[in-house]
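Using our numbering, you'd call the opening residue of the sequence shown number 135 and step up by one each time.
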Amino acid sequence: MHEMNKGIWSYSKWAAVFAMAALVFVQAVAQPSLDQVVRGLRFRSIGPAVMSGRISDIDVDPRNTAVIYVATASGGVWKSTNGGVSWRPITDELDAASMGDVTVSAANPDIVWVGSGEPNNRNSVAWGRGVYVSKDGGQTWQHVGLAETQQIARIVTHPKDPNVAWVAAIGPLWNASEHRGVYKTTDGGKTWRKVLYTDENTGASDIVIDPSNPNVLYAGMYERRRYPWTFRSGGPNGGVFKSTNGGQTWTKLTNGLPKGQTGKIGLTIYPKNPKIVYAIIEAEGRGTDEDQNGVYRTEDGGTSWKRMGTFNTRPFYY
Numbered sequence: 135m136h137e138m139n140k141g142i143w144s145y146s147k148w149a150a151v152f153a154m155a156a157l158v159f160v161q162a163v164a165q166p167s168l169d170q171v172v173r174g175l176r177f178r179s180i181g182p183a184v185m186s187g188r189i190s191d192i193d194v195d196p197r198n199t200a201v202i203y204v205a206t207a208s209g210g211v212w213k214s215t216n217g218g219v220s221w222r223p224i225t226d227e228l229d230a231a232s233m234g235d236v237t238v239s240a241a242n243p244d245i246v247w248v249g250s251g252e253p254n255n256r257n258s259v260a261w262g263r264g265v266y267v268s269k270d271g272g273q274t275w276q277h278v279g280l281a282e283t284q285q286i287a288r289i290v291t292h293p294k295d296p297n298v299a300w301v302a303a304i305g306p307l308w309n310a311s312e313h314r315g316v317y318k319t320t321d322g323g324k325t326w327r328k329v330l331y332t333d334e335n336t337g338a339s340d341i342v343i344d345p346s347n348p349n350v351l352y353a354g355m356y357e358r359r360r361y362p363w364t365f366r367s368g369g370p371n372g373g374v375f376k377s378t379n380g381g382q383t384w385t386k387l388t389n390g391l392p393k394g395q396t397g398k399i400g401l402t403i404y405p406k407n408p409k410i411v412y413a414i415i416e417a418e419g420r421g422t423d424e425d426q427n428g429v430y431r432t433e434d435g436g437t438s439w440k441r442m443g444t445f446n447t448r449p450f451y452y
């Protein structure tokens, strides 16, 4: 064979060998085993997109102020026995992680009530399964109903009778529902009666009780609805309501309060003088000369109100 032809043949032979080896190598790399694929993966969080660090409510044991309970948006209820230096979760075994309210019973501080379902309006909120109660400071819990309410804003308790409590249920955020309003129990949560209700879109955003006269209660009623593309806050059937007979009947308070539609309402009562009540109210006219948003105060138990300031946040955070 001619020397040049021999060289060409030799070059072609080795080129073919290398090509086959490269093909085998590429096939081996391109087709890793399942074990190899899984071994290279790292776990990452893909949801739910809720906020564990967001605090919904705080309450303190009146006998020992070093004992503090905190309800979180999606991390359950936490307890501290040393004034907040350290904390431990106390509701991890429950079938609800989103909490709206935690209340230490005024009549018996060993009794702790929890309303599940964060009551705020963000599209990242999660719902709960109603009310839970502990009779041993949070060591054990019992589910006591109102699961359909989904989101609970506040629980207040009778100052003398540990079996009596009122629940402000703001209700489902994404749909209309009759499971909203103010509920009352007189048997420690075994049964509930709806005592304040306006319509399927309007729930109770807050409730406070006169500590010197538990027949007197004030409730904030609030219409809201979230959709995938928008959020509606406020309506004609909301407002501040008062009961003087433990919640059997209610009267809407209007003198000095915003006219027209109202949005979210937060309430607090001055314990040393329960005739003084404050209300932060979302109302019509934000940013205009007709703005009625702000903080309102009554000094006569709700007969008349005066606007004390224009401060008000978006209705997502109170």
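Just so it is clear, CB atoms sit at the ideal spot from N, CA and C, and this is done for glycine as well.
{"Item": "With three or more C-beta pairs closer than 8 Å as the rule, is the region 439 to 452 touching the region 401 to 410?", "Value": "no"}
{"Item": "Ordered along the chain, which non-local residues of its own chain (more than five positions away) have a Cβ less than 7 Å from that of residue 159?", "Value": "Per-residue confidence for residue 159 stands at a pLDDT of 49, beneath the threshold of 50, marking its modelled position as unreliable; the derived number appears in the next sentence. Correct list: empty, nothing qualifies."}
{"Item": "Going by C-alpha distance, which of 331, 256 and 248 is nearest residue 275?", "Value": "248"}
{"Item": "Pick helix, strand or coil for residue 282, following the three-state DSSP scheme.", "Value": "helix"}
{"Item": "Would you call the CB atoms of residue 298 and residue 320 closer than 9 Å?", "Value": "yes"}
{"Item": "Which complete beta strand (DSSP E) runs does the region 328 to 359 hold, if anything under 3 residues is left out?", "Value": "336 to 343"}
{"Item": "Would you mind sorting residue 216 into buried or exposed? The rule is 16 or more other CB atoms within 10 Å of its CB.", "Value": "exposed"}
{"Item": "What do you get for residue 308, buried or exposed, if any count of 16 or more other CB atoms within 10 angstroms of its CB means buried?", "Value": "exposed"}
{"Item": "To which residues of the same chain is residue 322 closer than 6 Å at the C-beta, ignoring the five residues directly before and after it?", "Value": "297"}
{"Item": "Give me the Cα-Cα distance between residue 207 and residue 370, rounded to the nearest whole angstrom.", "Value": "29 Å"}
{"Item": "Check whether the Cβ atoms of residue 343 and residue 291 sit closer than 9 Å, and answer yes or no.", "Value": "yes"}
{"Item": "Residue 387 lies in the beta strand (DSSP E); which residues open and close that run?", "Value": "385 to 387"}
{"Item": "Relative to the C-alpha of residue 310, which residue among 417, 231, 387 and 366 is closest?", "Value": "366"}
{"Item": "Can you tell which of 422, 332, 318 and 204 has its C-alpha closest to the C-alpha of residue 379?", "Value": "318"}
{"Item": "Whose CA, out of 250, 273 and 257, lies closest to the CA of residue 265?", "Value": "250"}
{"Item": "Can you give the Cα-Cα distance for residue 396 and residue 432, rounded to whole angstroms?", "Value": "18 Å"}
{"Item": "Between 391, 327, 413 and 440, which lies nearest to residue 381 when the distance is taken from Cα to Cα?", "Value": "327"}
{"Item": "Tell me which same chain residues have a C-beta within less than 6 Å of the C-beta of residue 436, skipping the five on either side of it?", "Value": "376 and 387"}
{"Item": "For chain D, is any of its Cβ atoms less than 9 Å away from the one on residue 428?", "Value": "No chain D appears in this structure, which consists of one protein chain only."}
{"Item": "If you compare alpha carbons, which of 394, 362, 385 and 349 is closest to residue 368?", "Value": "394"}
{"Item": "Within the continuous beta strand (DSSP E) that includes residue 316, where are the two ends?", "Value": "315 to 319"}
{"Item": "Could you check whether residue 288 and residue 235 sit closer than 9 Å to each other, using their CB atoms as the reference points?", "Value": "yes"}
{"Item": "Exposed or buried, residue 193, counting other C-beta atoms within 10 Å across all chains shown (16 or more means buried)?", "Value": "buried"}
{"Item": "Is the CB-CB distance between residue 418 and residue 424 below 9 Å?", "Value": "yes"}
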